[in-house]
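Participant: One structure follows; several queries about it will come next.
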Amino acid sequence: MDTGWMANGNCRVEPPSTFFPSDGTGVIIAQRICESCPVKAPCLEYALANRIEHGVWGGASERQRRRLLKKRRIDATAANALDVAAA
Ligand code: SF4
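The opening position of the sequence shown corresponds to residue 12 in our numbering, with each subsequent residue numbered one higher.
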């Protein structure tokens, strides 16, 4: 998977620990940095594809990424069911 986008992230000038916060306030601080990041989308997809459980990636907290993965699984299952029904 391409990781060239990492060199353009807003976090490149921040301490890595900022993106592995221990509380909700830390998550909000990291998310504010991610907000204007030019590589937010590939960062989030990278974390989702690699099932990265810890830290803030692509502006999404650990919980938000879990929810997103769950929603995608449900959507994929529904789409498959529709395909089967249409066949
Ligand atoms: S979205 Fe956030 S964690 Fe990802 S590269 Fe940008 S600043 Fe870093």
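Just so it is clear, CB atoms sit at the ideal spot from N, CA and C, and this is done for glycine as well. Values in this document were obtained by computation on a predicted structure and should not be read as measured data.
Are the CB atoms of Trp71 and Leu55 nearer to each other than 7 Å?
Facilitator: Checking the sequence, you will find Ala at residue 71 rather than Trp. Yes, these two residues count as a Cβ contact at 7 Å.
Participant: So, helix, strand or coil for Ala71, using DSSP?
Facilitator: Correct three-state label for Ala71: strand.
Participant: Can Val24 be considered in contact with the ligand SF4, in the sense that its beta carbon sits closer than 6 Å to one or more heavy atoms?
Facilitator: Val24: no, Cβ never under 6 Å from the ligand SF4.
Participant: For the region 49-67 against the region 17-25, do three or more pairs of beta-carbon atoms, one drawn from each stretch, fall closer than 8 Å, so that the two count as touching?
Facilitator: Because the criterion of three Cβ pairs below 8 Å is met, the region 49-67 and the region 17-25 touch.
Participant: Is it buried or exposed for Ala58, if we count other Cβ within 10 angstroms and need 16 for buried?
Facilitator: That one is buried.
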